[in-house]
Structure formats: C-alpha cells, structure tokens
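Under full-length UniProt numbering, the first residue of the sequence shown is numbered 1, with each subsequent residue one higher. We treat Cβ as the ideally placed atom computed from N, Cα and C, and that holds for glycine.
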Amino acid sequence: MEQIIANLLVADSDVIQKATNDLQEAFKHPETIPQLCEITVSSKEAQIRQYSAVLLRKRLGKLRNWQMVPPEQQAM
1 MEQIIANLLV ADSDVIQKAT NDLQEAFKHP ETIPQLCEIT VSSKEAQIRQ YSAVLLRKRL
61 GKLRNWQMVP PEQQAM
C-alpha cells in the first residue's frame, strides 16, 4: 500500500495512472483502511503520511463508508 501511495506522488503520468488503478482495486478489500491508518502514523516519509491521511479522510468522509468499517477497527 505504501508503494502505491509513493507511486501516486511521482511525476510520471503512466506510473500515476497505474497507481490510481491499483488504489481503486485496493479499496475493494476491507484491510485497506487499517493499512492506511498504519501508514498515516508510521511511515518514514512525511508526504506518504500526509497523502494516506487525505485518502482516509476522503474514503471515510462519507458516513456510509465509515459504517462499513468493523467496530473493532473503528475503535483503533
């Protein structure tokens, strides 16, 4: 997941397009939200931490998406 985010930050549009597709595919899996939480607090790269936080905010900004997160993960 961290590599996908890193690829979203490069200047090559082909790499960004592939990373965008990879991210859309990753969001189909429930483990993506906890992975983004982990990256937000533990990545060594500030840009990656910030971008993962933005992705989380966008993803969980809709109440429907937050309700789909299991209660034990909401408590994190």
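Proximity to residue i [Cα-Cα], best of the options
i    : options             : result
Leu9 : Ile33, Gln50, His29 : Gln50
Buried versus exposed call for residue i [16 or more other C-beta atoms within 10 Å across all chains shown]
i     : result
Ser52 : buried
Met1  : buried
Euclidean distance between Cα positions of residue i and residue j
i          : j     : result
Ile33      : Gln47 : 18 Å
Lys18      : Lys28 : 16 Å
residue 81 : Asp12 : The first residue shown for the chain is 1 and the last is 76, placing residue 81 beyond what the model contains.
Pro70      : Glu31 : 10 Å
Leu23      : Ser43 : 17 Å
Glu72      : Ala6  : 28 Å
Gln74      : Glu25 : 22 Å
Glu38      : Val15 : 24 Å
Val54      : Ile4  : 14 Å
Arg59      : Leu36 : 10 Å
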